[in-house]
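A quick write-up on the structure given underneath.
Residue numbers (the numbering used here): 24 to 582.
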């Protein structure tokens, strides 16, 4: 299982809230949406063919080229037909009619892969099941309306959200074709396995997983396709969008660079747009939660650069049916160098075995306390905690790997009490992790949600909708460089990047240099301009550069 370890890439606190990984409350199913209509609409573009196949030892592999759909017209987009590679690993002995579907990314225009990656074949071998991956979700890059801009990932998705807000056309959000592509990939794998080449075998159920925007897609595939018997959305800790985005800004006082595309397309600045509730109803998995009663493993990074670590407070308790939550300490959005995939394999194995996993619940009897109540006895229980003395910010890129662990002993009644000290300065994040042996090739690790103390949002009163400016914080090597920069900011090159640059220092100089803040109003693409300035500063010997996106202008440092 060595390869499994290498895989990588506002409801405020209420005392005595209880959360459990079993929820039996009945709620009215969400109504049919435009997403349902789009996915179910017949499209003769759908086709697939085998481009590569191989048999080595106990594993048969396939590479399919698949056209999933036609999305929009040639006048609207340069690539209306969505094409994907679908890679498949088939063990010699298949032990289940349930298969696994990874949702992967990538770009179009590349050669076909040689076959499934090692992650895919390792899971197929470990579980004795058919494991597939659909790539190019979304298809990218795409150029819209002949504007010459090659859009990918969040830039592509944010652009299509704006088009929906402008037009009201519910087929615009890119989540529609992303979801439909995965549904068609499940069709293709089932059809292949039922054919002569696939050995006339039945694969009629799927567990689906994906990370980031593919994790978002995972939620929605589960909402629209009855073949899905389990989902694992990974590092997409943002359900209940309206509250999650308000939480983000109230915690940081700025927008993290990772969500730059949604700021640059002015989406986060217009929460009261009259069509915003319609957009959320179309794309936010929270609005489909009444359908999502299959087993769910929500895998998040406790140091994610996109999301504050305590966002699950806005959605996890409202999820229906069997559900598991795990925050992985000291990892960011890529979950690198972690055992996250081990947990995914354990979850998948439980579904294949047809048994429910361990049941546990937790309470917050006080702001700084978790009381964890496992129905099934865990092998190990650990408290993780990290302190940031300066900010309510636990991103790995800003704080570093600061989460420290402490093993907990059970109380006499078999429960676990995790009480942390509230820091005199700053904030502390903490959560409890339980490890179970579920009879799978790997252990199952689950956690509580993340608590932060004090549960105070330092920027709750700051307006998140002001005109945007950009900030670079850095260390200049000496006062001479600072004086040079004051003059350089008036150069024509700087004026092409942005207007009204303001440079402020803390007035102190030491071994680490001079702390400097540069703020400006951007003219062109945010990241391109910030990257150009950062490169220039590094050539001058500046270090510790930190980029952030402001609502309004940044207040100068106190001298």
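For glycine and all other residues, C-beta sits at the position ideal for the given N, C-alpha and C.
Per-residue burial, residue i [other beta carbons within 10 Å of its own, 16 or more giving buried]
i           : result
residue 358 : buried
residue 154 : buried
residue 49  : In this prediction, residue 49 scores a pLDDT of 48, lower than 50, which makes its location untrustworthy; no coordinate-derived value is stated.
residue 572 : buried
residue 567 : exposed
residue 115 : exposed
residue 130 : exposed
residue 249 : exposed
residue 324 : buried
residue 447 : exposed
residue 352 : buried
residue 132 : exposed
residue 64  : exposed
residue 55  : exposed
residue 518 : exposed
residue 168 : exposed
residue 431 : buried
residue 79  : exposed
residue 398 : exposed
residue 468 : buried
residue 234 : buried
residue 321 : buried
Closest residue to residue i among the options (Cα-Cα distance)
i           : options               : result
residue 237 : 286, 306 and 575      : 306
residue 590 : 136, 81 and 54        : Residue 590 falls outside the range modelled here, since the chain spans only 24 to 582, and no answer is possible.
residue 440 : 354, 385, 109 and 573 : 385
residue 319 : 569, 366, 299 and 187 : 366
residue 277 : 323, 433, 151 and 328 : 328
residue 73  : 79, 218 and 536       : 218
residue 429 : 419, 443, 438 and 416 : 443
residue 520 : 540, 499, 551 and 539 : 551
residue 445 : 462, 479 and 174      : 479
residue 503 : 322, 539, 304 and 554 : 539
residue 257 : 364, 312, 337 and 176 : 364
residue 537 : 270, 457, 371 and 500 : 500
residue 586 : 372, 375 and 400      : No answer is possible for residue 586: it lies beyond the span of the chain, which begins at 24 and ends at 582.
residue 163 : 171, 361 and 176      : 176
residue 266 : 489, 483 and 535      : 483
residue 111 : 456, 527 and 77       : 77
residue 589 : 488, 62, 94 and 535   : The structure shown does not extend to residue 589, since the chain spans only 24 to 582, so no value can be given for it.
residue 126 : 403, 184 and 200      : 200
residue 215 : 514, 513 and 75       : 75
residue 402 : 350, 466 and 417      : 466
residue 481 : 457, 514, 416 and 421 : 416
residue 134 : 253, 113 and 106      : 106
residue 286 : 426, 569 and 548      : 548
residue 152 : 395, 212, 268 and 515 : 212
residue 179 : 280, 268 and 288      : 288
residue 373 : 103, 253 and 67       : 253
residue 421 : 383, 497 and 239      : 497
Whole-angstrom C-beta distance between residue j and residue i, which should lie under 8 angstroms
i           : j           : result
residue 410 : residue 451 : 5 angstroms
residue 543 : residue 523 : 6 angstroms
residue 464 : residue 368 : 6 angstroms
residue 58  : residue 100 : Actually they are not in contact, since the Cβ atoms of residue 58 and residue 100 sit about 19 angstroms apart, beyond 8 angstroms.
residue 208 : residue 109 : 5 angstroms
residue 181 : residue 284 : 5 angstroms
residue 347 : residue 123 : Actually they do not touch by this definition, with Cβ atoms about 17 angstroms apart.
residue 139 : residue 93  : Their Cβ separation, rounded to whole angstroms, is 27 angstroms, which puts residue 139 and residue 93 out of contact at 8 angstroms.
residue 355 : residue 326 : 5 angstroms
residue 493 : residue 545 : 5 angstroms
residue 486 : residue 574 : 6 angstroms
residue 470 : residue 349 : 5 angstroms
residue 433 : residue 495 : Rounded, the Cβ-Cβ distance is 49 angstroms, inconsistent with contact.
### Task
Tell me the start and end of each unbroken alpha helix (DSSP H) in the region 118–194 that is at least 4 residues and wholly inside, in chain order.
Correct list: 141–150 and 176–190.
### Completely contained alpha helix (DSSP H) runs for the region 297–346, where each covers 4 or more residues
Counting whole runs of 4 or more residues, the region 297–346 contains the alpha helix (DSSP H) stretches 299–306.
### Query
Any chance the region 196–205 sits against the region 155–170, with 3 or more Cβ pairs inside 8 angstroms?
Contact between the region 196–205 and the region 155–170 is present, because at least three Cβ pairs lie under 8 angstroms.
#### Entry: Sequence ranges, beta strand (DSSP E) only - wholly within the region 461–530, length at least 3
The qualifying runs are 467–470, 474–476, 491–499 and 521–528.
#### Entry: Three CB pairs or more closer than 8 angstroms across the region 561–573 and the region 504–512
With a cut-off of 8 angstroms, the region 504–512 and the region 561–573 count as touching, because enough Cβ pairs lie within range.
### Task
Could you name each continuous alpha helix (DSSP H) segment of 4 residues or more that falls completely within the region 359–398, going from the start of the chain to the end?
Fully enclosed alpha helix (DSSP H) runs of 4 or longer: 363–376.
### Query
Between the region 210–222 and the region 329–341, are three or more C-beta pairs nearer than 8 angstroms?
With the cut-off at 8 angstroms, the region 210–222 and the region 329–341 do not touch.
### Message
Tell me whether the region 388–398 and the region 472–481 touch, counting them as touching only if at least three CB pairs, one residue from each stretch, are closer than 8 angstroms.
### Response
By the criterion of at least three beta-carbon pairs nearer than 8 angstroms, the region 388–398 is in contact with the region 472–481.
### Message
Contact between the region 338–352 and the region 242–251 is defined here as three or more beta-carbon pairs at a separation below 8 angstroms; is this criterion met?
### Response
The way I'd put it, the region 338–352 doesn't touch the region 242–251; fewer than three beta-carbon pairs between them come closer than 8 angstroms.
### Query
Pairing CB atoms from the region 407–426 with CB atoms from the region 445–464, are three or more of them under 8 angstroms?
Under the three-pair Cβ rule at 8 angstroms, the region 407–426 counts as touching the region 445–464.
### Query
Using 8 angstroms as the threshold, is the region 77–92 in touch with the region 225–234, meaning 3 or more CB pairs across them?
Verdict: no, contact absent.
### Query
With contact counted as at least three CB pairs below 8 angstroms, one residue from each stretch, are the region 141–148 and the region 180–199 in contact?
Taking 8 angstroms as the limit for Cβ pairs, the verdict is that the region 180–199 does not touch the region 141–148.
### Query
Can you list, in chain order, the stretches of the alpha helix (DSSP H) that have 4 or more residues and sit fully within the region 217–300?
236–247, 264–275 and 283–287, all fully within the region 217–300.
#### Entry: Every unbroken beta strand (DSSP E) within the region 54–114, with a cutoff of 3 residues, ordered by chain
Taking only runs of at least 3 residues, the beta strand (DSSP E) segments lying wholly in the region 54–114 are 70–79, 82–93 and 104–114.
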